[in-house]
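Report on the structure given below.
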Amino acid sequence: MGLEDTRFLVVDDFSTMRRILRNLLKELGFMNVQEAEDGVEALAKLKEGNFDFVVTDWNMPNMSGIELLHAIRTDAKLKHMPVLMVTAEATRDNVILAAKAGASGYVVKPFTAAKLDEKLMKIFQSMQE
Amino acid sequence: MTAKSDNSDSDDLEALFDSIVAANKEAERLAREPSSVTLGANYTVPASRAPEFNPSQLRRDPAGYEARRAPPLQNAPSTPQPADVIDQIGHMTRTLHDALRELGLNKKIEKAASSIPDARDRLNYVATLTHQAAERVLSATEAAQPLVESMEVEAHRLAGKWQMMFDKQLDVEEFKELTKQTRAFLQDVPKQTKATHAYLMEIMMAQDFQDLTGQVIRKIIAITENLEQQLLALLLENAPAKAKTNLETGLTNGPVIKPRNTKDVTPSQNRVDDLLEGLGF
């Protein structure tokens, strides 16, 4: 399977941000992108299978990104899923918490297309090692 | 967020209800006492204005609240000069009430007022971000337009020449020149479209303000809702007893069966409207 076949799940409560992320991923050559508007919906979709990569916001209703990350890391089937946090939460504490919870990468909003590309490639590289 | 504010709203309203019921019961009991005919009016005001409008205090300490109110009831019949004593107790209640209000509600109001500068900063942030986004979009659009226009103009010009060629109006040299120009144009087009595409991406990325400002606006809504609650509490506490009695009888709307039955008006908003109307505002 080539990198471009990676199946993404984009999780954000703002539809604008989901569209931006979907378009950016498309721009980077990833055409297989689905969306969820909070952690609860995301987890349900992930448990059905068919995903390789999660890009998630932090601050969302019902289930936050960090809770989603925790749920993924404690699920036997999902625990190896790469999870990239894309969030406006930009304090040291946030970053440390995300790192300890097992996030694969951390992008602070607002971000550039180049930044997203760089973080994605870094994660793909560490997956292959 | 909405559910939480609805709950606290209902809590406030339930506390208000309890306090009004308690005040009415007391008025009835006083009316049954032989000595209380003239005292009832004196007593109603402090009783219904007593500090039970702090709902958290009510929940925490209902027994203590009753204890504070108990002395006048027990003392009233057995005192030789009930009018003086009740008058004195009324003054004491007023003093206590004022002290409690200064300690409790004023702090709440202060806290709510202190959130206004925060809301102002947040609104400034929204203004800055939306301004920047608009600038980015306009700049990218202005930069992309000449690229698209020049391609359009050149394509038109070459198409005209090719039409002349098919109409057999070009000599060999002119035809050679046309093929060179056409080749150069075709080589140039992907460069121009790539640049245009980059500007389109820039326009798309500029929309990220919506997510950031959206989060900030949600926080401002929370702050203003809190402010509204505090002001309402102050209003209810300082409303005349008569208005509050009217309020009690005028609110026979039953339970909120469909909390989401109207799109624009939330149940909590309806209640606030009713309350304000009941108080004559």
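Going down the list, the protein sequences come from chains A and B.
So for the first sequence, our numbering puts the first residue at 1; every next one is plus one.
So for the second sequence, our numbering puts the first residue at 1001; every next one is plus one.
Note that the Cβ used here is the ideal one computed from N, Cα and C, for glycine as well.
Measure the CB-CB distance between residue 51(A) and residue 3(A) and report whether it falls below 7 Å.
Taking the first residue of the first sequence as position 1, residue 51(A) is located at position 51. Taking the first residue of the first sequence as position 1, residue 3(A) is located at position 3. Cβ atoms of residue 51(A) and residue 3(A): not closer than 7 Å.
Beta carbon of residue 88(A) nearer than 7 Å to that of residue 68(A)
Counted from its first residue, the first sequence places residue 88(A) at position 88. Counted from its first residue, the first sequence places residue 68(A) at position 68. No, Cβ-Cβ distance for residue 88(A) and residue 68(A) is not below 7 Å.
Which term fits residue 1210(B), buried or exposed, when burial requires 16 or more other beta carbons within 10 angstroms of its beta carbon?
For this step, residue 1210(B) is matched to residue 210 along the second sequence. The residue in question, residue 1210(B), is buried, as its Cβ has 16 or more Cβ neighbours within 10 Å.
Taking Cβ positions only, does residue 63(A) come closer than 7 Å to chain B?
Within the first sequence, the letter at position 63 stands for residue 63(A). Taking Cβ atoms only, chain B never reaches closer than 7 Å to residue 63(A), which makes this a no.
Among all the DSSP beta bridges, which residues are the ones paired with residue 1199(B)?
The count along the second sequence starts at 1 and reaches residue 1199(B) at position 199. In DSSP, residue 1199(B) forms no bridge with anything.
Rounded to whole angstroms, what is the Cα-Cα separation between residue 1140(B) and residue 1199(B)?
Against the second sequence, residue 1140(B) aligns to sequence position 140. Against the second sequence, residue 1199(B) aligns to sequence position 199. Cα to Cα, residue 1140(B) sits roughly 5 Å from residue 1199(B).
Three-way DSSP call (helix, strand, coil) for residue 120(A) in this model:
Here residue 120(A) refers to the residue found at position 120 of the first sequence. In the structure shown, residue 120(A) sits in a helix (DSSP, three-state: H, G or I).
From residue 1129(B) to residue 1122(B), what does the alpha carbon distance come to, in whole angstroms?
For the purposes of this step, residue 1129(B) is identified with residue 129 of the second sequence, where counting begins at 1. For the purposes of this step, residue 1122(B) is identified with residue 122 of the second sequence, where counting begins at 1. If you take the alpha carbons of residue 1129(B) and residue 1122(B), they lie about 11 Å apart.
Closer than 8 Å is the cut-off here; do at least three beta carbon pairs connect the segment 48 to 64 of chain A with the segment 31 to 39 of chain A?
yes
Write down the C-beta distance between residue 1178(B) and residue 1170(B) rounded to the nearest angstrom, noting that I regard them as a contact closer than 8 Å.
As a working mapping, residue 1178(B) is identified with position 178 in the second sequence. As a working mapping, residue 1170(B) is identified with position 170 in the second sequence. With 8 Å as the limit, residue 1178(B) and residue 1170(B) qualify as a contact, their Cβ atoms being about 7 Å apart.
Residues of the segment 1202 to 1236 of chain B in Cβ contact with chain A at a cutoff of 7 Å, in chain order, please.
1204, 1205, 1207, 1208, 1210, 1211, 1212, 1214 and 1215
Residue 20(A) CB to nearest chain B CB: under 7 Å?
As a position in the first sequence, residue 20(A) is number 20, starting the count at 1. Interface residue, yes.
Residues of chain B with CB closer than 7 Å to the CB of residue 23(A), please, in chain order.
As a working mapping, residue 23(A) is identified with position 23 in the first sequence. Those within 7 Å of residue 23(A) in chain B are 1204.
Could you give the distance in angstroms between the alpha-carbon of residue 1070(B) and the alpha-carbon of residue 1220(B)?
Taking the second sequence and counting its residues from 1, the one referred to as residue 1070(B) is at position 70. Taking the second sequence and counting its residues from 1, the one referred to as residue 1220(B) is at position 220. For residue 1070(B), the predicted structure reports a pLDDT of 44, less than 50, and the residue's modelled location is therefore unreliable. The matter cannot be settled from this model.
Buried or exposed, going by whether 16 or more other CB atoms sit within 10 Å of the CB of residue 1093(B)?
The residue given as residue 1093(B) occupies position 93 in the second sequence. Answer is buried; the Cβ neighbour count reaches 16.
Determine, using beta carbons only, whether residue 82(A) and residue 104(A) come nearer to each other than 7 Å.
What you label residue 82(A) is simply residue 82 of the first sequence in a count that begins at 1. What you label residue 104(A) is simply residue 104 of the first sequence in a count that begins at 1. The answer is yes: Cβ separation under 7 Å.
Evaluate residue 1134(B) with the Cβ neighbour count: other Cβ atoms within 10 Å of its Cβ, from every protein chain shown; 16 or more gives buried, anything less gives exposed.
In the second sequence, residue 1134(B) corresponds to position 134, counting from 1. Per the 10 Å Cβ criterion, exposed.
Please report the residue range of the alpha helix (DSSP H) in which residue 17(A) lies.
What you label residue 17(A) is simply residue 17 of the first sequence in a count that begins at 1. Note, residue 17(A): alpha helix (DSSP H), 15 to 27.
Please decide whether residue 14(A) counts as near chain B, where near means a Cβ-Cβ distance under 7 Å.
As a first step, residue 14(A) must be located in the first sequence, where it is residue number 14. Yes, residue 14(A) counts as interfacial toward chain B.
Here's a check: name, in chain order, each residue in its chain whose Cβ is nearer than 6 Å to the Cβ of residue 112(A), leaving out the five neighbours to either side.
Translated into positions along the first sequence, residue 112(A) becomes position 112. Cβ neighbours of residue 112(A) beyond the five flanking positions: none.
Examine the Cβ distances between the segment 11 to 24 of chain A and the segment 91 to 105 of chain A and report whether three or more of them are shorter than 8 Å.
no
Going by other Cβ atoms of all chains shown within 10 Å of its Cβ, with 16 needed for buried, is residue 84(A) buried or exposed?
For the purposes of this step, residue 84(A) is identified with residue 84 of the first sequence, where counting begins at 1. Per the 10 Å Cβ criterion, buried.
Excluding the 5 residues flanking residue 29(A) on each side, which residues of the same chain have their C-beta closer than 7 Å to its C-beta?
For the purposes of this step, residue 29(A) is taken as residue 29 along the first sequence, with counting starting at 1. If we look at residue 29(A) and ignore the five residues flanking it on each side, its Cβ neighbours are 4.
With 16 as the cutoff for other CB atoms within 10 Å, does residue 1082(B) come out buried or exposed?
The residue you call residue 1082(B) lines up with position 82 of the second sequence. Answer is buried; the Cβ neighbour count reaches 16.
Scan the segment 1150 to 1200 of chain B and note each continuous alpha helix (DSSP H) run of 4 residues or more that stays entirely inside, going in chain order.
none
Starting from the C-beta of residue 1143(B), find all residues in its chain whose C-beta is less than 7 Å away, skip the five residues before and the five after it, and write them out in chain order.
Counted from its first residue, the second sequence places residue 1143(B) at position 143. Once the five neighbours on either side are set aside, the close Cβ partners of residue 1143(B) are 1199.
Helix, strand or coil at residue 1046(B) [DSSP, three-state]:
Along the second sequence, read from residue 1 onward, the residue named residue 1046(B) stands at position 46. Here the model assigns residue 1046(B) a pLDDT of 40, short of 50, so the residue's position is not dependable and the matter cannot be decided.
Alpha carbon to alpha carbon, how far is residue 1191(B) from residue 1146(B)? Give it in angstroms, no decimals.
Here residue 1146(B) refers to the residue found at position 146 when the second sequence is read from its first residue. Here residue 1191(B) refers to the residue found at position 191 when the second sequence is read from its first residue. Cα to Cα, the separation comes out at about 14 Å.
Rounded Cβ spacing between residue 1230(B) and residue 1119(B) (contact assumed at less than 8 Å)
Within the second sequence, the letter at position 230 stands for residue 1230(B). Within the second sequence, the letter at position 119 stands for residue 1119(B). The pair is not a contact, with the Cβ atoms about 14 Å apart (cut-off 8 Å).
Buried or exposed, going by whether 16 or more other CB atoms sit within 10 Å of the CB of residue 46(A)?
Residue 46(A) sits at position 46 when you count from the first residue of the first sequence. Residue 46(A) should be labelled buried.
Who are the neighbours of residue 109(A) on chain B, taking C-beta pairs under 7 Å?
The residue given as residue 109(A) occupies position 109 in the first sequence. Neighbours of residue 109(A) on chain B, chain order: 1208, 1211 and 1212.
What is the DSSP secondary structure of residue 105(A), reduced to helix, strand or coil?
In the first sequence, counting from the first residue as 1, residue 105(A) sits at position 105. Three-state result, residue 105(A): strand.
By DSSP, does residue 9(A) sit in helix, in strand, or in coil?
Numbered from 1 along the first sequence, position 9 holds the residue referred to as residue 9(A). Note: residue 9(A) maps to strand in three-state DSSP.
Pairwise C-alpha distance: residue 1026(B) and residue 1086(B):
Within the second sequence, numbered from 1, the residue matching residue 1086(B) stands at position 86. Within the second sequence, numbered from 1, the residue matching residue 1026(B) stands at position 26. Their Cα atoms are separated by approximately 14 Å.
Spatial distance of residue 1222(B) from residue 76(A) (CA atoms)
By one-based count along the second sequence, residue 1222(B) stands at place 222. By one-based count along the first sequence, residue 76(A) stands at place 76. Approximately 39 Å, taken between the alpha carbons.
Taking the alpha carbon of residue 1157(B) as the point to measure from, which residue in 1172(B), 1167(B), 1182(B) and 1176(B) has its own alpha carbon closest?
On the second sequence, residue 1157(B) is found 157 positions in, with the first residue counted as 1. Minimum Cα distance to residue 1157(B) is reached at 1182(B).
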